[in-house]
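**Student:** Numbering (the numbering used here), first residue to last: 30 to 424. Before I ask anything, here is the structure I am working with.
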Ligand SMILES: Nc1ncnc2c1ncn2[C@@H]1O[C@H](COP(=O)(O)OP(=O)(O)O)[C@@H](O)[C@H]1O
Ligand code: SF4
Ligand SMILES: [Mg+2]
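Here it is as structure tokens:
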């Protein structure tokens, strides 16, 4: 998953090509809607090696699901404007005729959705739903498919799998239904699994076991996984690399340990503060980030996080920061005034002195959902005042 130019040696099982499984470059998925163009995914690049896990993290609306669906080619309709490149085992997915895509789904790549009822048919017994996938792709006999399905249900730890084979989805708990949809996704041995908020709809007590199950299956099968979540805590110990998305773009990307120890982007820092406490239900809406994600049809000028950022300076409101490398590492971020830098510290202190609400809230360790008023205006005014004062000092 490291960027190909800085990649270190990887242990690839014998017989598998030593090339990235997935290479995405400048992928864009825009939607033409009556109000304008929604830039849901706006120039995302990533590389994923076989057997590795990439965590894709961001608030609701940041483009995570559209990204996953774009790679799977699941965004359909005349209003979809797609560009860029997504190569799977070197083959351009965007050039594959839509009619050929079903051959790849399940076998090469599969998806586990947030709500298992999205992938399960409520009127078909779960056993049949698993065997259908096996038979469709492998042409296996009915009885062999049944044996394989029961083995698969056991491997995702469905108790009394033989009896449950004849159950309908509504007869199972939410956690059990998600195990069944994982079994279906794994049925044809995909090389890449997208897990899109796979535990968000589940009770907190079930979440860990589902996440552990996914991690175990991923290791055993040497399968790559893209784990999509709004909760940085979910991918903390489970992803090899984390990519943070904001407003359809990657704002920071790093190996997991590096991201946690040396985050540079104020949005990543805000996500870190919003990791739900163990005592809370983990699908509690993110509460520690002031303000709202931007309108993707009319995004703000400059950095798209500027209206909500405790570090913002004048440049942030005018010029969008590019994604840059931390020299000598696999770490990239897009920010003019990064966390941990001298200039970032100065900007934060200046905003704090100007009583910019988001800076005050961080300094006081408060939950910023308590903030009221127009944060964007408060930030912009404080920054403009500080800039004017600096200019006056300099003259
Ligand atoms: N089919 C669509 N048509 C128009 N807009 C869409 C469509 N699908 C998603 N969007 C918009 O794209 C943005 C990103 O959505 P999504 O990827 O689902 O966010 P996330 O998964 O990060 O919560 C949102 O503003 C959403 O409303
Ligand atoms: S400091 Fe500026 S560039 Fe960095 S995230 Fe905040 S607003 Fe964006
Ligand atoms: Mg989503």
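The beta carbon of each residue, even a glycine, is placed where N, CA and C say it ideally should be. Nothing here was measured: the structure is a model prediction, and the numbers come from that model.
Between residue 333 and ligand 1, is the CB less than 6 Å from at least one heavy atom?
**Tutor:** Incorrect: residue 333 has no Cβ contact closer than 6 Å to ligand 1.
**Student:** On the DSSP letters alone, give me the boundaries of the alpha helix (DSSP H) that residue 296 sits inside.
**Tutor:** First-last of the alpha helix (DSSP H) with residue 296: 295-302.
**Student:** Please go through the same chain and pick out, in chain order, the residues whose beta-carbon is closer than 7 Å to the beta-carbon of residue 36, but skip the five residues on each side of it.
**Tutor:** Confidence in residue 36 is poor, its pLDDT being 42 and thus under 50, which makes the residue's placement unreliable; the coordinate value appears in the next sentence. Hits under 7 Å: none found.
**Student:** Name, in chain order, the residues that DSSP records as bridge partners for residue 115.
**Tutor:** According to DSSP, which records beta bridges pairwise, residue 115 is partnered with 53.
**Student:** Would you tell me roughly how many angstroms separate the C-alpha atoms of residue 343 and residue 361, rounded to the nearest one?
**Tutor:** The alpha-carbon atoms of residue 343 and residue 361 are separated by roughly 22 Å.
**Student:** Are the CB atoms of residue 350 and residue 364 nearer to each other than 7 Å?
**Tutor:** Against a cut-off of 7 Å, the Cβ pair of residue 364 and residue 350 comes out as a contact.
**Student:** Would you mind reading off the limits of the beta strand (DSSP E) that contains residue 223?
**Tutor:** Unbroken beta strand (DSSP E) run through residue 223: 221-225.
**Student:** Give me the Cα-Cα distance between residue 236 and residue 414, rounded to the nearest whole angstrom.
**Tutor:** If you take the alpha carbons of residue 236 and residue 414, they lie about 47 Å apart.
**Student:** Residue 115 and residue 58: beta carbons closer than 7 Å?
**Tutor:** Result no, Cβ atoms of residue 115 and residue 58 do not sit closer than 7 Å.
**Student:** Give a yes or no on contact between the stretch 202-216 and the stretch 142-162, applying the rule of three or more CB pairs nearer than 8 Å.
**Tutor:** Because the criterion of three Cβ pairs below 8 Å is met, the stretch 202-216 and the stretch 142-162 touch.
**Student:** Could you name each continuous beta strand (DSSP E) segment of 3 residues or more that falls completely within the stretch 149-174, going from the start of the chain to the end?
**Tutor:** Runs found: none.
**Student:** In three-state terms, what does DSSP make of residue 330?
**Tutor:** Residue 330 falls in the coil class under three-state DSSP.
**Student:** Going by the C-beta, is residue 94 closer than 6 Å to any heavy atom of ligand 3?
**Tutor:** For ligand 3, at least one heavy atom lies less than 6 Å from the Cβ of residue 94.
**Student:** Is DSSP giving residue 375 helix, strand or coil here?
**Tutor:** Residue 375 falls in the helix class under three-state DSSP.
**Student:** Taking Cβ to Cβ, would you say residue 304 is nearer than 7 Å to residue 262?
**Tutor:** The answer is yes: Cβ separation under 7 Å.
**Student:** Within 10 Å of its beta-carbon, does residue 330 have 16 or more other beta-carbons around it, so buried, or fewer, so exposed?
**Tutor:** Flag for residue 330 reads exposed.
**Student:** By alpha-carbon positions, which one of 82, 50, 56 ends up nearest to residue 240?
**Tutor:** Checking every option, the nearest Cα to that of residue 240 belongs to 82.
**Student:** Just to check, is the beta-carbon of residue 295 closer than 6 Å to a non-hydrogen atom of ligand 4?
**Tutor:** Among the ligands modelled here, namely ligand 1, ligand 2 and ligand 3, ligand 4 does not occur.
**Student:** Alpha carbon to alpha carbon, how far is residue 79 from residue 170?
**Tutor:** Roughly 30 Å separates the two Cα atoms.
**Student:** Would you say the beta carbon of residue 192 comes nearer than 6 Å to a heavy atom of ligand 1?
**Tutor:** No; taking the cut-off as 6 Å, the Cβ of residue 192 has no heavy atom of ligand 1 nearer than that.
**Student:** For residue 68, which option in 91, 48, 388 has the closest C-alpha, if you only look at C-alpha atoms?
**Tutor:** Considering only alpha carbons, the answer is 91.
**Student:** Quick one: Cα of residue 102 to Cα of residue 374, how far?
**Tutor:** Computed Cα separation, rounded: 42 Å.
**Student:** Would you mind working out which of 371, 142, 299 sits nearest residue 318, comparing C-alpha positions?
**Tutor:** The option with the nearest alpha carbon to residue 318 is 299.
**Student:** Among the residues of its own chain, which have a CB less than 6 Å from the CB of residue 196, if the five just before and after it don't count?
**Tutor:** So the qualifying residues of the chain are 155.
**Student:** Please list, in chain order, all residues of the same chain as residue 275 whose beta carbon is under 7 Å from its beta carbon, the five residues on each side excluded.
**Tutor:** 87, 91, 296, 333, 334, listed in sequence order.
**Student:** Can you give the Cα-Cα distance for residue 93 and residue 278, rounded to whole angstroms?
**Tutor:** Approximately 10 Å between the Cα atoms of the pair.
**Student:** At the level of alpha carbons, what is the spacing between residue 272 and residue 53?
**Tutor:** Roughly 13 Å separates the two Cα atoms.
**Student:** What does the Cβ neighbour count give for residue 327, buried or exposed, with the cut at 16 atoms within 10 Å?
**Tutor:** Under this definition residue 327 is an exposed residue.
**Student:** Using a threshold of 6 Å, is the CB atom of residue 60 nearer than that to any non-hydrogen atom of ligand 1?
**Tutor:** Yes, since a heavy atom of ligand 1 falls inside the 6 Å radius drawn around the Cβ of residue 60.
**Student:** Does the Cβ-Cβ distance between residue 190 and residue 201 come in under 7 Å?
**Tutor:** Against a cut-off of 7 Å, the Cβ pair of residue 201 and residue 190 comes out as no contact.
**Student:** Quick check on residue 235: does DSSP put it in helix, strand or coil?
**Tutor:** Looking at residue 235 - three-state DSSP - the assignment turns out to be helix.
**Student:** Run the CB neighbour count on residue 143, radius 10 Å, all protein chains shown included, and call it buried at 16 or more, exposed below.
**Tutor:** It counts as buried.
**Student:** Would you kindly report the start and end of the unbroken beta strand (DSSP E) that includes residue 83?
**Tutor:** That run of the beta strand (DSSP E) goes 82-86.
**Student:** Note down, in chain order, each residue of its chain lying with its Cβ closer than 6 Å to the Cβ of residue 84, except the 5 sequence neighbours on either side.
**Tutor:** Hits under 6 Å: 256, 264, 268, 271.
**Student:** Is DSSP giving residue 90 helix, strand or coil here?
**Tutor:** Coil.
**Student:** Thinking C-beta only, is residue 166 closer than 7 Å to residue 136?
**Tutor:** Going by C-beta atoms, residue 136 is nearer than 7 Å to residue 166.
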